[in-house]
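*Asks:*
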Amino acid sequence: MGVNDLVLEKREKVAEVIQSARVQKDLTQQQVADGIGVSRSAIVRFENGKFSLNMDLMYKLVDFLEIELKINGEEI
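So the sequence shown is numbered by the working numbering: it starts at 4 and just counts up by one.
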């Protein structure tokens, strides 16, 4: 498995976790998009693993969904 495959795998896993958090909070893709200042299509592409958010948007998304972002067990 190459680096690109690992990146894709991780992107899909993150998208899965984010989508699950959105659904658990009973939020629509549009509500999330409005909450972080992006288009609904950006959320759709992200949740489908076709689009990677930059760190600024990732922090906004994590904050909006009230979930934790950790690297090596450390919250960031």
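A virtual CB, placed ideally from N, CA and C, is assigned to each residue, including glycine.
Buried or exposed for residue 50, please, with buried defined as at least 16 other CB atoms from any protein chain shown within 10 angstroms of its CB.
*Replies:* The residue in question, residue 50, is buried, as its Cβ has 16 or more Cβ neighbours within 10 Å.
*Asks:* Can you tell me whether residue 35 is buried or exposed? The criterion is at least 16 other CB atoms within 10 Å of its CB, across all chains shown.
*Replies:* It counts as buried.
*Asks:* Run the CB neighbour count on residue 1, radius 10 Å, all protein chains shown included, and call it buried at 16 or more, exposed below.
*Replies:* The requested residue 1 is not part of the displayed model; the chain covers only 4 to 79.
*Asks:* How big is the Cα-Cα spacing for residue 76 and residue 67?
*Replies:* Distance between the alpha carbons of residue 76 and residue 67: 21 Å.
*Asks:* Which term fits residue 74, buried or exposed, when burial requires 16 or more other beta carbons within 10 angstroms of its beta carbon?
*Replies:* So residue 74 counts as exposed.
*Asks:* Measure how close the beta-carbons of residue 39 and residue 63 come, nearest whole angstrom, since I'm counting them as under 8 Å.
*Replies:* Sure, about 4 Å apart at Cβ, within 8 Å.
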